[in-house]
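If you want my numbering, it's the position in the sequence shown, counting the first as 1, plus 382.
For each residue, glycine too, the CB sits at the ideal point set by N, CA and C.
Every value quoted in this text rests on a predicted model; they were computed, and no experiment measured them.
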Amino acid sequence: MTVAIEMGQTSAGAPAALDLEELLATRLLVQGNSGSGKSHLLRRLLEQSAPWVQQTIIDPEGDFVSLGERYGHLVIDAEDHTERGLQAAGERARIHRVSTVLNLEGLDAENQMRRAAAFLGGLFEVARDHWYPMLVVVDEAQLFAPAAAGEVSDEARKLSLGAMTNLMCRGRKRGLAGIIATQRLAKLAKNVAAEASNFLMGRTFLDIDMARAADLLGMERRQAEAFRELERGHFMALGPALSRRPLSMRIGSTETSPRNGTPRLMPLPEATLEDARAIILAAPPPETVRPQRRPSPDLLDQLMAAKAAPLDIRPEPTEPQPSAEDLAERRERMDRILRAILAEPDAGFRVIGVLYQEFVVRCRIEGLASVVPDLSEFRRMLTRARAGVGSDMAEDDAWRDVSVRASLLPEDMQGVFMMIARAAKEGWPCPSDAAIARAYGSHSLRRARRLLDYIEEQGLIVCQIDGVGRRTVTLVELAWATAPGDPNAGEEEPGSSAA
Ligand SMILES: Nc1ncnc2c1ncn2[C@@H]1O[C@H](COP(=O)(O)OP(=O)(O)OP(=O)(O)O)[C@@H](O)[C@H]1O
Ligand SMILES: [Mg+2]
383 MTVAIEMGQT
393 SAGAPAALDL
403 EELLATRLLV
413 QGNSGSGKSH
423 LLRRLLEQSA
433 PWVQQTIIDP
443 EGDFVSLGER
453 YGHLVIDAED
463 HTERGLQAAG
473 ERARIHRVST
483 VLNLEGLDAE
493 NQMRRAAAFL
503 GGLFEVARDH
513 WYPMLVVVDE
523 AQLFAPAAAG
533 EVSDEARKLS
543 LGAMTNLMCR
553 GRKRGLAGII
563 ATQRLAKLAK
573 NVAAEASNFL
583 MGRTFLDIDM
593 ARAADLLGME
603 RRQAEAFREL
613 ERGHFMALGP
623 ALSRRPLSMR
633 IGSTETSPRN
643 GTPRLMPLPE
653 ATLEDARAII
663 LAAPPPETVR
673 PQRRPSPDLL
683 DQLMAAKAAP
693 LDIRPEPTEP
703 QPSAEDLAER
713 RERMDRILRA
723 ILAEPDAGFR
733 VIGVLYQEFV
743 VRCRIEGLAS
753 VVPDLSEFRR
763 MLTRARAGVG
773 SDMAEDDAWR
783 DVSVRASLLP
793 EDMQGVFMMI
803 ARAAKEGWPC
813 PSDAAIARAY
823 GSHSLRRARR
833 LLDYIEEQGL
843 IVCQIDGVGR
853 RTVTLVELAW
863 ATAPGDPNAG
873 EEEPGSSAA
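1. Can you look up Arg632 in the DSSP assignment and give me helix, strand or coil?
2. If you reduce the DSSP assignment to three classes, tell me which class Asp694 lands in.
3. Give me the Cβ distance between Arg626 and Val743, rounded to the nearest whole Å; I'm assuming they're in contact under 8 Å.
4. How would you call Lys807, buried or exposed, if buried means at least 16 neighbouring beta carbons within 10 angstroms?
5. Taking 7 Å as the cut-off, is the beta-carbon of His422 closer than that to any non-hydrogen atom of ligand 1?
6. Here's a check: name, in chain order, each residue in its chain whose Cβ is nearer than 6 Å to the Cβ of Leu398, leaving out the five neighbours to either side.
7. Given this structure, state the Cα-to-Cα distance separating Gly823 from Pro813, to the nearest angstrom.
8. Reducing DSSP to helix, strand and coil, say where Thr482 ends up.
9. Counting C-beta neighbours from all protein chains within 10 Å, is the total for Phe418 16 or more, i.e. buried, or is it exposed?
10. Thinking Glu885 and Ala500 are a contact (beta carbons under 8 Å), I'd like their distance in whole angstroms, please.
11. Asn485 and Asp521 look like a contact to me (Cβ under 8 Å); what is the Cβ gap, rounded to whole Å?
12. Could you tell me if the beta carbon of Arg566 falls within a distance shorter than 7 Å of some heavy atom in ligand 1?
13. Jot down the residue ranges of each uninterrupted alpha helix (DSSP H) in the stretch 487–545, minimum 4 residues, whole runs only, in chain order.
14. Using a Cβ-Cβ cut-off of 8 Å (strictly less than) and excluding sequence neighbours within five positions of Asp683, which residues of its own chain qualify?
15. Apart from the five residues just before and just after Val457, which ones in its own chain have a Cβ nearer than 7 Å to its Cβ?
16. Rank Ala658, Leu428, Glu793 by C-alpha distance to the C-alpha of Ala386 and give the top, closest one.
17. Give the DSSP-derived three-state secondary structure of Asp717 in the structure shown.
18. Regarding Ile633 and ligand 1, is the C-beta to nearest heavy atom distance less than 7 Å?
19. Is Gly467 a contact residue of ligand 4, with contact defined as CB to any heavy atom under 7 Å?
20. Near Pro755, what residues of its chain come up, given a Cβ to Cβ distance below 7 Å and the 5 sequence neighbours on each side ignored?
21. Is there at least one non-hydrogen atom of ligand 2 closer than 7 Å to the beta-carbon of Asp459?
22. Run through the stretch 797–832 for me and flag every whole beta strand (DSSP E) of 3 or more residues, listed as ranges in chain order.
23. Rounded to the nearest angstrom, what separates Glu533 and Glu487 at their Cα positions?
24. Along the chain, where does the alpha helix (DSSP H) containing Arg566 start, and where does it finish?
25. Cα separation between Leu541 and Pro622?
26. Using only the heavy atoms of ligand 2, determine whether one of them is closer than 7 Å to the beta carbon of Asp521.
27. Would you give the residue range spanned by the alpha helix (DSSP H) that Ala399 belongs to?
28. Using alpha carbons as the reference points, say which of Gly395, Leu517, Arg603 lies closest to Ile734.
29. What is the residue span of the beta strand (DSSP E) that Met763 lies within?
30. Grouping DSSP H, G and I as helix and E and B as strand, with all else coil, what is Val786?
31. Work out the CA separation of Ala722 and Pro869 for me, nearest whole Å.
32. Does the stretch 547–554 touch the stretch 565–580, meaning 3 or more C-beta pairs lie closer than 8 Å?
33. Taking only the alpha-carbon atoms, compute the straight-line gap between Gly725 and Leu599 and give it to the nearest angstrom.
34. Taking Met495 as the reference, give the member of Glu656, Glu707, Thr854, Leu543 with the closest Cα.
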């Protein structure tokens, strides 16, 4: 079963759906300037999904307390509780599966960070038995995961950033789906933003935010200019839970509204909520009861050295370092994804921004979000892939030599050079003009021939035509030569059947 909620309408008037189950696995980032409609969007999402999934909102302004009246969220006024109390409340909210609003209104930045971190820590640290799916919405996320140090203490920043990183990077396994909104992408810590696979981009004025948004979406900066024109309540959607292609949508209406200036006291609606309050906000257990979770580092080292296998007390590194095998495996998987994309008809003629966008989405779907290469690395991968060279070959010494030579050429020609080099290394027939054009991302055979001339002029190759018009290309210095090939043959790359 898939549960799709309706966020609003697409520009074509169709319902704009958000797949909740996919969202749980792939997280969401919302960006837009003040007044673009982010908080409204979050409210719509929360209201629509409230019947389906437990939720919590980290609410710096107290905007969302009205959800309590209508949907039964327990509002926790962070001002009234200690960090330890909030950590306990977080754990209990998960154990008892109660939706909550953490109202941080009235606290200074330092205490907003510390208390949000404590509550998030509670959600995160709860025992495995309670890892139910849950949406964790953080409005104004740049307050909790700032890109740069501010006037708060280093400790508060570390706690808060750590909690947000845990939420976005390691929350999925624990059932926590991070949904973060920010006015300024450039102010949000990169590692936190990078873990979201779904994006809703609203009106954005500043170039630096636009550039970050374009990078995240894998769009050309030029395309991202469209974010300037978006009206209030209109967002560009992309990601596995939203749409495989950028989709413009208008967010629908909400049942509740942001609280107005005059807060009213409301009687608590139901006895069950009263119970929840009693259970969740009971005094935290005394400090000393908390068991020490891990042995000291020295002892751990000794245990690891002794390889005491059945003891499950390995340290949990905050940033697990992938092994060489892991890296190789990921590279392989990324190569495979790239090959699949390039195998699509017309892939050779699509602009790099579109290919990159497709690549990023597929990587994220495969759980490779944290290792997605940036656009310039992607360009290099693309060059190699178009030349039929995998990452494994790229490690080869002779190939490194070829790459160095290739780097003398303009970037868009490097793929062609690599393709020819590959044919020469393997002794395959020289690629046809059509194959060269395709690797160059062009349909023009004349351009393919001009390209070869250019590479020859640069002193990297020597082209020779034999008596029957077949072409041989020899790589200067390496002295690898292709077999003679017909320049007018079709597009099929020599050796592609062998690869
Ligand atoms: N899709 C929409 N339909 C109707 N009204 C909307 C919509 N989106 C936003 N609004 C209204 O526009 C105003 C600003 O929206 P909102 O508070 O969500 O902006 P925001 O992006 O959260 O701004 P800030 O960053 O300053 O918090 C609110 O009064 C809200 O009710
Ligand atoms: Mg807002």
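Reading it off the structure:
1. Strand, per DSSP.
2. Residue confidence for Asp694 is low, a pLDDT of 38 falling below 50, so the modelled location carries little weight and cannot support an answer.
3. With a Cβ gap of about 6 Å, Arg626 and Val743 count as contacting.
4. Classification of Lys807: buried, given that the 10 Å Cβ count is 16 or more.
5. In terms of side-chain proximity, the C-beta atom of His422 is found nearer than 7 Å to a non-hydrogen atom of ligand 1.
6. Reading the sequence as shown, one finds Ala at residue 398 and not Leu. Spatial neighbours of Ala398 in its own chain (CB-CB distance under 6 Å, excluding positions within 5 residues in sequence) are listed in chain order as Met389, Gly390, Gln391, Thr392, Met631.
7. Take the alpha-carbon of Gly823 and the one of Pro813: they are about 15 Å apart.
8. In this structure, Thr482 counts as strand in the three-state DSSP scheme.
9. Sequence check: residue 418 is Ser here, not Phe. Counting the other Cβ atoms within 10 Å of the Cβ of Ser418 gives 16 or more, which makes it buried.
10. Since the first residue shown for the chain is 383 and the last is 881, residue 885 is missing from the structure and cannot be characterised.
11. Contact between Asn485 and Asp521 does not hold, since the beta-carbon distance rounds to 11 Å and is not under 8 Å.
12. No, Cβ of Arg566 sits at least 7 Å from all heavy atoms of ligand 1.
13. Positions of the alpha helix (DSSP H) runs, each at least 4 residues long and wholly inside the stretch 487–545, are given as 491–507 in order along the chain.
14. The predicted model places Asp683 with a pLDDT of 47, which falls under 50 and marks its position as unreliable; any figure quoted below should be read in that light. Excluding residues up to 5 positions away in sequence, nothing lies with its Cβ nearer than 8 Å to the Cβ of Asp683 in the same chain.
15. Here the set comprises Val447, Gly450, Val483, Asn485.
16. For the residues Ala658, Leu428, Glu793, the minimum Cα distance to Ala386 belongs to Leu428.
17. Three-state DSSP puts Asp717 in a helix.
18. Within the cutoff, so yes.
19. Among the ligands present in this structure, namely ligand 1 and ligand 2, ligand 4 is not found.
20. Sequence-distant partners of Pro755 (beyond 5 residues in either direction) whose C-beta falls short of 7 Å from its own C-beta, in its chain, are Met763.
21. The answer is no for Asp459.
22. DSSP runs (the beta strand (DSSP E)) wholly in the stretch 797–832: none.
23. Taking the straight line joining both Cα atoms gives about 18 Å.
24. In the DSSP annotation of this structure, Arg566 is not part of any alpha helix (DSSP H), being labelled neither H nor E.
25. Taking the CA atoms as reference points, Leu541 sits about 30 Å from Pro622.
26. Checking the Cβ of Asp521 against ligand 2 gives yes.
27. In the DSSP assignment, Ala399 falls outside any alpha helix (DSSP H) and within the unbroken beta strand (DSSP E) covering 397–401.
28. Taking each of Gly395, Leu517, Arg603 in turn and checking the Cα distance to Ile734, the smallest one comes out for Arg603.
29. Per DSSP, Met763 belongs to no beta strand (DSSP E); it is in the alpha helix (DSSP H), 757–768.
30. Helix.
31. The alpha-carbon separation between Pro869 and Ala722 amounts to approximately 27 Å.
32. Yes, the stretch 565–580 is in contact with the stretch 547–554.
33. The sequence shown places Ala at residue 725, rather than the Gly named in the question. Rounded to whole angstroms, Ala725 to Leu599 spans 22 Å at the Cα level.
34. Here the closest residue by C-alpha is Leu543.
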